[in-house]
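Novice:
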Amino acid sequence: MATDDVGGDAMDAGIKVMVHPQHEPPFVKELGFAVSPGFHTFVAIRKEVITTLPAPYGDCQEKGSQKYFPHYSLSACRIECETEYVINECGCRLVEMPGNVPVCTPKMYECAYGKLLAVTEGDLCACRSPCHNVQYNVKLSTLKLRPKSVAEVQRMEADFEMSDKQIHDNIAVLNVYYEALNYESIVQIPAIETEGLLGDLGGQMGLFLGASFLTLVEVFEYLMDELYGRVLKRCCRCKATASAHSGSPSADVLSVNINGSATQLPQTSRA
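If you use my numbering, the sequence shown corresponds to residues 224 to 494, in order.
This is how it looks when you write it as structure tokens:
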């Protein structure tokens, strides 16, 4: 849990609180909730673990090459991106930024703060959500403090007393507790994998078409036999045509009668 003042320029009085995992740097100003003085604030939290899939199923970031933080998180990526941008542009870092680079002097503060606004408002940091994310959902409820009861406790623990106005303006009580001892886990799984897709396609073909692997083999065998038969017929036809054109030369045959006359017989050819 991290706390922060609401800021010197703010019109409100109190603190901002954010419940976050220990390895994740907090963005209290953007994501924190306010705790007002003069009230007893109860915070019920519930842990939620979200696990998503990386590419090709999703677009989350499994691990990142973090320079200042050991674990990758969305906030760590943003802080590191903003820090590197300010350091590269101004040669120094703001006091709340991590690293060993010298802190900006008052003269350089204007440059650093301007570059920080440019990188945040221009959305120059492209950070993806982590594949494993832990977050805490909070429910708030408040009760107004009773000055007399607070004054009695104050007298028991300190040597000075506070007026009702001082108690209302300066004391805030905060209780943080688990709403339940269990937690919610949301896991993203692939709708279908490659093996399952192929199995489903084979099952659908077998159900609606009566087809199987043996059927495909038989179809392929039929096509090959048909192709072989066509090629064989074409080859035989070519051989028959060649034989018809390559016969023996024709010869004239004469028939000689007894009386010495000769008669020419029709021409014959021999293959």
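Ideal Cβ positions, reconstructed from N, Cα and C, are used throughout, including at glycine.
For Val361 versus Phe256, is the C-beta distance shorter than 8 Å?
Specialist: yes
Novice: Measure the C-alpha to C-alpha separation of Met385 and Pro260 and round it to an integer number of angstroms.
Specialist: 14 Å
Novice: What are the start and end residues of the beta strand (DSSP E) that includes Arg369?
Specialist: That residue, Arg369, is in no beta strand (DSSP E); it is neither H nor E in DSSP.
Novice: Mark His246 as exposed unless 16 or more other C-beta atoms lie within 10 angstroms of its C-beta, in which case mark it buried.
Specialist: That one is exposed.
Novice: If you follow the alpha helix (DSSP H) that Lys252 is part of, which residue opens it and which one closes it?
Specialist: Val251 to Leu254
Novice: Check whether the region 304-316 and the region 327-346 are in contact - that is, three or more C-beta pairs closer than 8 Å.
Specialist: yes
Novice: Tell me the rounded alpha-carbon separation between His294 and Val272.
Specialist: 16 Å
Novice: For the pair the region 312-328 and the region 264-271, tell me if three or more CB-CB distances fall below 8 Å.
Specialist: no
Novice: Bridge partners for Asn398 per DSSP, in chain order?
Specialist: DSSP lists Phe265 as partners of Asn398.
Novice: Could you check what DSSP says for Ser473 in three-state terms: helix, strand or coil?
Specialist: For Ser473, the pLDDT reaches just 49, beneath the cut-off of 50, and the residue's location in the model is therefore unreliable, leaving the point undetermined.
Novice: Can you tell me where the beta strand (DSSP E) holding Val410 begins and where it ends?
Specialist: Glu407 to Val410
Novice: Near Gly281, which residues of its chain fall below 6 Å by C-beta distance, leaving aside the five closest residues on each side in sequence?
Specialist: Thr275
Novice: Measure the alpha-carbon distance for Gly422 versus Ala414 and round it to whole angstroms.
Specialist: 14 Å
Novice: Mark Ile302 as exposed unless 16 or more other C-beta atoms lie within 10 angstroms of its C-beta, in which case mark it buried.
Specialist: Buried, because 16 or more other Cβ atoms sit within 10 Å of the Cβ of Ile302.
Novice: When DSSP builds the beta bridges, which residues end up paired with Pro321?
Specialist: Bridge partners of Pro321: none, in fact.
Novice: For the alpha helix (DSSP H) holding Lys286, just list the boundary residues, first then last.
Specialist: Run containing Lys286: none; DSSP gives neither H nor E here.
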